[in-house]
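**Student:**
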Amino acid sequence: MWTRSLLKENAKQALRGRYWRCFVVCLIVSLLGGGFASYPGVTFEYTVSQRSLESWLSRFPLELLLALLWVTIIVSVLAILWSIFLSSVLAVGGYRYFMENRQGGSPIDTIFTVFRRPYLNVVKVQFLTTLKILGGCLLLVIPGIYWSFCYVLVPYLLAENPYLTTRRAMELSRQMMDGEKWSYFVLRLSFFGWGLLCLLTFGIGNYFLAPYIQATMAEFYAAMRAKALSAGFSTTEELGGFVRHDSGSF
């Protein structure tokens, strides 16, 4: 039976002597959009009347406004493609690194092994899982939140076995998280105090906190993996360590 204190203690052990290497991994993944270290931004809110908005837009020629519109569309499309084909996959590589790190260390370039075959399968599973969660949020919000907890282990499963199908990855994650959602929520919430302290550094502290959080989440996955094997949800053939990617790029 796992406890929060046990997971965190194991995470500290995994980071001992390897913290700065884990820090570099989190920094790389975060800077490339993988989301390992998020921090609150500064938002300026203001309201303008329709008349003042029309007056402001009338100062610019129509050709310039159309050009800006096209640039906005192109940038948005590129951002979506970046998220689908790079950021989400790189996050899986980051999870793989921390999972291997807890077993005695791993080279930094482990985070890039997911870009080998079956790279496109990882892209597909990540995309469809995210699409289902977003769909639930857009429809009624509550289903999206519920599914986000059900499928939170999908990228970890892909990190261990990148050949899993979408249906199997979702099913296995849902089974592993059955009865664990509240405990997982409390585990994530336990870092809230550290997050508040990071606010004092304008979010920079999040980069230094990220290795601790990711190492703890890797311990959580290890506990859920043991649960899946003992309960018969999976087998050592399916989750028997880290399935190596083929050497080809795609």
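Residues in the sequence shown are numbered consecutively from 11, following the numbering used here. Where a beta carbon is used, it is the ideal one built from N, C-alpha and C, also for glycine. Treat the numbers as computed from the prediction; the structure is a model and nothing was measured.
#1: Within 7 Å: the Cβ of G242 and any heavy atom of the ligand ADP?
#2: Taking C-beta to C-beta, are L147 and R184 nearer than 8 Å?
#3: Along the alpha helix (DSSP H) that carries V162, what are the first and last residues, could you check?
#4: If you compare alpha carbons, which of E181, V34, V162, F95 is closest to Y265?
#5: Any contact of the region 93-109 with the region 128-144, i.e. 3+ C-beta pairs under 8 Å?
#6: Going by DSSP in three states, L42 sits in which element: helix, strand or coil?
#7: If I'm right that A89 touches A225 with Cβ under 8 Å, what's the distance once you round it to whole angstroms?
#8: So what's G213 in DSSP terms, helix, strand or just coil?
#9: Could you give the distance in angstroms between the alpha-carbon of M11 and the alpha-carbon of R31?
#10: Quick one: grab the DSSP three-state call for E19.
#11: Do you know offhand how far G242's Cα is from A236's?
#12: Taking the C-alpha atoms as reference points, what is the distance between A169 and L141?
#13: Given this structure, state the Cα-to-Cα distance separating F202 from R69, to the nearest angstrom.
**Tutor:** Result, derived from the coordinates:
#1: This structure simply doesn't include the ligand ADP, nor any ligand for that matter.
#2: Here residue 147 refers to the residue found at position 137 when the sequence shown is read from its first residue. Here residue 184 refers to the residue found at position 174 when the sequence shown is read from its first residue. Inspection of the sequence shows that residue 147 is occupied by Cys rather than by Leu. No.
#3: By 1-based counting over the sequence shown, the position of residue 162 is 152. No alpha helix (DSSP H) holds V162; DSSP gives it neither H nor E.
#4: The chain is shown from 11 up to 260; residue 265 falls before or after that span and cannot be answered.
#5: yes
#6: For this step, residue 42 is matched to residue 32 along the sequence shown. Under the three-state reduction of DSSP output, L42 falls in the coil class, being neither helix nor strand.
#7: As a working note, residue 89 is residue 79 in the sequence shown. As a working note, residue 225 is residue 215 in the sequence shown. Rounded, the Cβ-Cβ distance is 29 Å, inconsistent with contact.
#8: Position 203 of the sequence shown, counted from the first residue, corresponds to residue 213. G213 falls in the coil class under three-state DSSP.
#9: In the sequence shown, residue 11 corresponds to position 1, counting from 1. In the sequence shown, residue 31 corresponds to position 21, counting from 1. So the two alpha carbons sit approximately 30 Å from each other.
#10: Counting from one through the sequence shown, the residue named residue 19 turns up at place 9. In the structure shown, E19 sits in a helix (DSSP, three-state: H, G or I).
#11: On the sequence shown, residue 242 is found 232 positions in, with the first residue counted as 1. On the sequence shown, residue 236 is found 226 positions in, with the first residue counted as 1. Cα to Cα, the separation comes out at about 10 Å.
#12: Indexing the sequence shown from 1 puts residue 169 at position 159. Indexing the sequence shown from 1 puts residue 141 at position 131. About 19 Å.
#13: Locating residue 202 in the sequence shown gives position 192, counting from the first residue. Locating residue 69 in the sequence shown gives position 59, counting from the first residue. In a straight line, the C-alpha of F202 is about 46 Å away from that of R69.
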